[in-house]
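Comments concern the structure below.
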Amino acid sequence: MTARLRESLHTAAADVPAYPVYERALATARRSRRRTALAAVAALVLVALAGAMLPLAGTPAVDPAAGADAALPDRVGVPPFGSLRATDRPRLGPASVIFTGQAPGLVHGEEGSIIAVVGADADRYRIIKGEIEAQAGEDTVLSPDGRRVAFTAIGSTYPRVEIVDLVTGRSRTVGSGVSGTVVVEPAGWSPDGRALVVRDTVPANPEGSAYRQVLSIVWLDGDRRTRLADDHEGLASPVAFAPDGARLAMQTGRTVSVADLDGRRLSSFTLAPETELAGKGAWSTDGRALTVTRRDGGSWSLRRVDPATGRDLGAMDTPAVSGVTAIRLLGWAADGSARVVAYQPEPRTPTVFDAPLEMDQRLAYGNVGTVRVLALGRGADTPTTLLTAPKDVVAIDVSDDVIRSGRTRDASPPHGVGPRFWFWTFLITVLVAGIAAYRTREGLARWLDDRRVRRARGLGG
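First residue of the sequence shown? That's 0 in numbering that gives the first Met the number 0, and the numbers climb one at a time after it.
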């Protein structure tokens, strides 16, 4: 190597800036700590957000007294897309109303039903996924205090009834103990909420070409079950408990039976033509009479009968309801007025409702366009509309506490999108951003390093 070349190399080496080994090591360490901290924070955020959507067993229960001001909303709306479920937090607490139907937002999957639940004192909505064409008030029932919803369980290995507690967010299933059942559905609650009447559909022959209905009482605090009725033909509906809870009336076919809680038949009588046991509120407030509905052409009215003999005690001094497929009696308000569900006919149905027709057809999804809750005041000339519902809301149930109180409130149902929509939108956005940052981390690190080197050169130059 010549002296000139050696001198040139020394000169070139002297012009190269020294590599900041110590500074770069510190920067790398700081960067690693920041990445670790950010990853930890992101993980904690995701866990917290996920936890907010999951029902935890240890979550404090909502104060049941929150339902003390329970009132009937003057209207209900279809739950928004992304509504919270009944098991989500914050807990709903007691409900005033549940309803089902085939409106958009009330169906899940191919044909499953969404059970909409409305808070006792405010327009807080929750949803429960139910069985195909669930009918609130018929096979999906709200407990008297509005705290629990019973419905046919979906996805269960064996036919069972599921009960969701709206105060705690917990759910449980109960069976009827009837062997060979293909469907079990709730039919009514006892006044104290300790027992549930369930209705089983059981094959009547080995071929499964015919079925019978079996009614049983299931006590929820133990394994006690009592058989009430085993009918080979007629539908076992509705079921009405006396106010003291010691007796219940049930209709099977054209026969009404009164039994005690041990299943002993106290009386039985055949209904007059065009009459039906009125509904879950069929007993008078003193427990001395039963109420039936009577159809006269296209008009429905209430009548009283003797529960021991079925003797007609005369028409009640409440207005008739016209232009409906049927009415169901929910109960009696503090002012003595009757509260009924009026089923409005679907305009496009070819079915004729001012002629004899089975009750299950009068309440069928395809025959009902919407529902209303009416007050039938004593001595009133016309019914008073208390609650309206959108088109294709075809069934509704109201808690007994709300019915008895007689209170109503102005409602403003939620609209737009629900909290679950925003949660999943935010979560997906965070995940996509995190994945993108992870995939470009090396290029980003090189860019940051180059930026620091350029800044260092600028400061040193």
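Every residue, glycine too, gets a C-beta built ideally from N, C-alpha and C.
Would a C-beta distance cut-off of 9 Å place residue i and residue j closer than the cut-off?
i, j, result
"Asn-366", "Thr-350", "yes"
"Val-77", "Gly-104", "yes"
"Val-323", "Val-372", "no"
"Thr-86", "Gly-192", "no"
"Thr-461", "Pro-158", "With the chain covering 0 to 460 only, the question about residue 461 has no answer from this structure."
"Pro-237", "Gly-187", "yes"
"Leu-386", "Pro-318", "no"
"Gly-286", "Arg-246", "yes"
"Ser-189", "Gly-244", "yes"
"Leu-289", "Ala-228", "no"
"Ser-95", "Val-401", "yes"
"Trp-331", "Arg-403", "yes"
"Asp-68", "Ala-119", "yes"
"Lys-279", "Leu-312", "no"
"Gln-134", "Ala-394", "yes"
"Ile-97", "Ala-121", "no"
"Val-140", "Asp-359", "no"
Skipping 5 residues on each side, what residues in its chain have a beta carbon closer than 6 Å to that of residue i?
i, result
"Glu-184", "Asp-138, Thr-151 and Arg-198"
"Trp-174", "The question names Trp, but residue 174 is Gly in the sequence shown. The residues are Arg-159."
"Gln-250", "Leu-276"
"Arg-361", "Thr-324 and Ala-325"
"Ala-410", "Pro-72, Asp-73, Arg-74 and Asp-122"
Can you check DSSP and say which residues form a bridge with residue i?
i, result
"Val-291", "Leu-276 and Arg-302"
"Leu-328", "Val-339"
"Arg-347", "Arg-347 is not bridged to any residue."
"Ser-266", "Val-257"
"Arg-371", "Ala-341 and Thr-387"
"Thr-284", "Answer by DSSP bridge pairing: none, since Thr-284 is not bridged."
"Phe-98", "Ala-115 and Ile-395"
By the three-class DSSP mapping on this structure, what secondary structure does residue i have?
i, result
"Pro-418", "helix"
"Asp-449", "helix"
"Ser-170", "strand"
"Gly-365", "helix"
"Arg-88", "coil"
"Gly-244", "coil"
"Gly-442", "helix"
"Met-249", "strand"
"Ile-434", "helix"
"Arg-377", "coil"
"Ala-228", "strand"
"Ser-461", "Outside the displayed span of the chain (0 to 460) sits residue 461, for which this structure offers no information."
"Ala-455", "helix"
"Ile-114", "strand"
"Asp-359", "helix"
"Leu-260", "coil"
"Asp-311", "strand"
"Ile-153", "coil"
"Thr-428", "helix"
"Asp-396", "strand"
Spatial neighbours of residue i within its chain, please: C-beta separation below 8 Å, excluding the five flanking residues on both sides.
i, result
"Ala-56", "Per-residue confidence for Ala-56 stands at a pLDDT of 34, beneath the threshold of 50, marking its modelled position as unreliable; no derived number is given."
"Ile-131", "Glu-110, Gly-111 and Ser-112"
"Thr-225", "Ser-215, Ile-216, Leu-260, Asp-261 and Gly-262"
"Asp-220", "Arg-193"
"Tyr-210", "Val-181, Thr-200, Val-201, Pro-202 and Ala-203"
"Ser-298", "Ala-319, Val-320 and Ser-321"
Looking at the C-beta of residue i, does it have a partner C-beta in chain C at a distance below 9 Å?
i, result
"Ala-133", "Checking the listed chains, one finds no chain C in this structure; it contains a single protein chain."
Leaving out five residues on either side along the sequence, give the residues of the same chain with a beta carbon under 7 Å from the beta carbon of residue i.
i, result
"Val-163", "Ala-85, Thr-86, Ile-127, Arg-147, Val-148 and Ser-170"
"Met-315", "Leu-301, Arg-302 and Arg-303"
"Ala-102", "Val-77, Pro-389, Lys-390, Asp-391 and Val-392"
"Ala-432", "none"
"Ala-177", "The sequence shown places Val at residue 177, not Ala. Result list for Val-177: Asp-199, Val-201, Val-213 and Ser-215, in chain order."
"Phe-80", "Gly-104, Val-416, Gly-417 and Phe-420"
"Pro-306", "Ala-248, Val-257, Ser-266, Ala-288 and Leu-289"
"Gly-50", "Since pLDDT at Gly-50 reaches only 47, below the 50 mark, its modelled position is unreliable, and the value read off the structure follows with that caveat. Contacts found: none."
Inset, instruction - Within the segment 160 to 209, note down every full beta strand (DSSP E) run reaching 3 residues or more, in order along the chain. - result: The segment 160 to 209 is shown to contain whole beta strand (DSSP E) runs of 3 or more residues at 160 to 164, 170 to 173, 182 to 188 and 194 to 202, in chain order.
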